[in-house]
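Here the numbering used here is used: the first residue of the sequence shown is 2, the next is one more, and so on.
So the structure is just underneath, and the comments pick up after that.
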Amino acid sequence: EFAVAAAVVAFALTAFPALARRAWEVVHTVTHRADGATFLFPMRSFSVADAELGGKLRSKSRELASFETSAFAAAVAPATIAVTATVVTRLLTVTGFSNVLFEILYARVGCVVHTWKLPWPVYVASAWWFMDGAVRNAKNRALAAVDEVRGARALEPRIVTSASTARTFLALPMILLWLDTVGVTLSSVWGLLGFGGVAVSLGLKDLVADFIAGLTMLTNPTFKVGDNIKAGAVMGTVMGIGATKTTLLTRTGTGKTPHTISNNVLSSHSAGLVNMSLSRARYFDHEICVDAKSMAAVEKLCLDISAYLVSHPLVILDPMDSGEKPWCALSKLGPHGVLIGVKCCLRKMGGQAFALEQGRMLLAIGKIVEANQGVELSEIVGYA
Numbered sequence: 002e003f004a005v006a007a008a009v010v011a012f013a014l015t016a017f018p019a020l021a022r023r024a025w026e027v028v029h030t031v032t033h034r035a036d037g038a039t040f041l042f043p044m045r046s047f048s049v050a051d052a053e054l055g056g057k058l059r060s061k062s063r064e065l066a067s068f069e070t071s072a073f074a075a076a077v078a079p080a081t082i083a084v085t086a087t088v089v090t091r092l093l094t095v096t097g098f099s100n101v102l103f104e105i106l107y108a109r110v111g112c113v114v115h116t117w118k119l120p121w122p123v124y125v126a127s128a129w130w131f132m133d134g135a136v137r138n139a140k141n142r143a144l145a146a147v148d149e150v151r152g153a154r155a156l157e158p159r160i161v162t163s164a165s166t167a168r169t170f171l172a173l174p175m176i177l178l179w180l181d182t183v184g185v186t187l188s189s190v191w192g193l194l195g196f197g198g199v200a201v202s203l204g205l206k207d208l209v210a211d212f213i214a215g216l217t218m219l220t221n222p223t224f225k226v227g228d229n230i231k232a233g234a235v236m237g238t239v240m241g242i243g244a245t246k247t248t249l250l251t252r253t254g255t256g257k258t259p260h261t262i263s264n265n266v267l268s269s270h271s272a273g274l275v276n277m278s279l280s281r282a283r284y285f286d287h288e289i290c291v292d293a294k295s296m297a298a299v300e301k302l303c304l305d306i307s308a309y310l311v312s313h314p315l316v317i318l319d320p321m322d323s324g325e326k327p328w329c330a331l332s333k334l335g336p337h338g339v340l341i342g343v344k345c346c347l348r349k350m351g352g353q354a355f356a357l358e359q360g361r362m363l364l365a366i367g368k369i370v371e372a373n374q375g376v377e378l379s380e381i382v383g384y385a
């Protein structure tokens with residue numbers, strides 16, 4: 002028995018790594034897959050840019066695939082321990098040392114193998130170890146792919162959160178199953194969890210709400226790192242998305258400061274969450290104040306400005322894309338002049354580019370006013 006046991010353990014220690022490596026080579030050659038790392042890439046199907054980025058990440062993940070970061074490598078140590086536990090259980094039963102060990106521990110006649118339900122606790126722990134290691138290896142390979150692909154750095158917090166969530170969901174049932182294999186009755190466990198759950202839920206209800214909101218945001222993402230979002234009075238650029246908190250870069254005075262907000266506050270705000278980065282247009286909305294000698298001069302000015310807006314290359318003319326066509330019209334008659342509203346939608350661009358283009362358009366409109374007879378530029382008011 003001892004010779005057979007030694008041979009089996011020696012075979013497991015020496016042959017399992019080689020067999021696992023060979024199995025990985027065969028599977029990787031035949032399937033050309035990234036061994037499970039791609040499920041950690043959070044991609045929105047309706048975004049063309051994200052779809053292209055997802056394809057690059059999957060290709061890079063396949064290129065970086067190796068045995069050391071595969072599920073096969075994660076299975077070597079747990080499988081070896083499971084085989085060793087089986088051999089040890091066999092020796093305890095055959096030699097009768099199980100009874101001696103039981104008398105030492107419990108001071109009565111019995112069998113420690115039956116009491117401890119060996120080797121099942123080791124089997125469950127090994128399976129847990131294997132699944133946790135497989136997810137951890139997939140996360141490491143996904144992060145390595147993110148480092149290699151340009152523009153994918155923003156996905157790193159969501160990949161880490163996805164991996165942590167998956168490991169947590171695997172750990173909870175495995176812990177309960179392991180407790181059952183060592184003789185702890187599940188009824189007592191559920192009773193303890195129920196009593197403790199009431200106490201914990203009262204003290205950590207906000208944390209639980211934030212965690213659930215984080216899971217919802219992870220599984221059904223409405224924004225990603227780098228997006229500009231607004232929830233009520235809070236507005237900023239997303240720097241990171243965690244399990245319970247989201248960090249925004251918000252404007253404070255003359256600078257910008259990181260601002261940490263609970264996920265529950267973002268997801269359940271009464272005004273809703275607005276992702277301004279998903280908008281298809283930038284709104285140019287201004288009023289100009291002019292002194293007019295006649296309404297005919299005002300009418301001609303509005304026609305000239307409207308013609309300028311229609312001919313502008315960045316102005317959206319299709320109402321299906323922007324919601325309305327560009328227009329310029331008299332909006333108010335005042336004691337110090339007339340107010341003319343100018344409104345249009347520009348194609349989507351960054352904040353700095355929009356500010357520069359907005360300034361150029363205001364200069365051009367001001368020159369149109371100066372070139373028209375019968376109107377004189379008084380003041381430009383309003384800023385959008």
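Virtual Cβ for every residue (Gly too), placed ideally from N, Cα, C.
| Query | Result |
| --- | --- |
| If you draw a straight line from the C-alpha of F131 to the C-alpha of E358, how long is it? | 56 Å |
| Would you say L378 and V291 are within 7 Å of each other, going by their C-beta atoms? | yes |
| In whole angstroms, give me the CA-to-CA distance for A86 and W179. | 15 Å |
| For E104, does the three-state DSSP call read helix, strand or coil? | helix |
| Can you tell me whether DSSP reads L65 as helix, strand or coil? | helix |
| Alpha carbon to alpha carbon, how far is C346 from A143? Give it in angstroms, no decimals. | 39 Å |
| Mind checking which residues open and close the alpha helix (DSSP H) that includes A372? | 352–372 |
| With 16 as the cutoff for other CB atoms within 10 Å, does Y124 come out buried or exposed? | buried |
| Comparing the C-beta of F103 with each C-beta of chain C, is any distance below 7 Å? | No chain C appears in the structure shown, which is made up of a single protein chain. |
| CB-CB under 7 Å to T217, same chain, minus the five flanking residues each way: which ones, in chain order? | S268 |
| Rounding to the nearest angstrom, what Cα-Cα distance links A126 and S60 in this structure? | 34 Å |
| Which same chain residues end up closer than 6 Å to T238 when comparing Cβ atoms and leaving out the 5 residues on each side of it in sequence? | N229, L250 |
| Would you report the Cα separation of V183 and R137, rounded to the nearest angstrom? | 27 Å |
| Given the structure, does L304 come close to the ligand FAD, in the sense that its CB is under 6 Å from one of the ligand's heavy atoms? | Only the bare structure without any ligand can be found here, which leaves the ligand FAD out of the picture. |
| Quick one: residues in its chain with C-beta nearer than 6 Å to the C-beta of L119, no 5 flanking neighbours on either side, listed in chain order? | T90 |
| Going by C-alpha to C-alpha distance, which of T169, V235, A282 sits closest to T261? | V235 |
| Would you grab the beta carbon distance between A75 and A135 for me? Rounded to a whole angstrom, and I think it's under 8 Å. | 5 Å |
| I'd like the list of long-range same chain contacts for S165, defined as Cβ closer than 7 Å, with 5 residues on each side in sequence excluded. | A244 |
| Using DSSP's beta-bridge definition, name the partner residues of W389. | An answer regarding residue 389 cannot be provided, because it is not within the stretch 2 to 385 covered by the chain. |
| Could you tell me the alpha carbon to alpha carbon distance between A35 and R151, rounded to whole angstroms? | Residue placement at A35 cannot be trusted, given a pLDDT of 48 that sits under 50; what the coordinates show is reported in the next sentence. Distance between the alpha carbons of A35 and R151: 19 Å. |
| Compute the beta-carbon to beta-carbon distance between P327 and K301, rounded to the nearest angstrom, for a pair I have assumed lies under 8 Å. | Not a contact, Cβ separation roughly 17 Å. |
| For R361, which residues from the same chain have a beta carbon less than 7 Å from its beta carbon, with the 5 sequence-adjacent residues on both sides left out? | none |
| Look at the alpha carbon of N276 and the alpha carbon of K231, and state the distance between them as a whole number of angstroms. | 7 Å |
| So the beta strand (DSSP E) S278 belongs to, where does it begin and stop? | Taken as a continuous stretch (DSSP letters only), S278 belongs to no beta strand (DSSP E), as it is neither H nor E. |
| For I213, write down the residues that DSSP places opposite it in a beta bridge. | In the DSSP output, where bridge partners are listed per residue, I213 has none listed. |
| Buried or exposed for S163, going by 16 or more other Cβ atoms inside 10 Å? | buried |
| Run through DSSP, which three-state label would V226 get? | coil |
| Using 8 Å for Cβ pairs, my map puts N141 next to T70. What's the rounded Cβ distance? | 6 Å |
| Could you check whether A298 and G367 sit closer than 7 Å to each other, using their CB atoms as the reference points? | no |
| Between the Cα of P122 and those of A83, I341, A7, A13, spot the shortest distance and give me the residue it belongs to. | A83 |
| Give me the residue from A66, F12, A8 with the minimum Cα distance to E26. | A66 |
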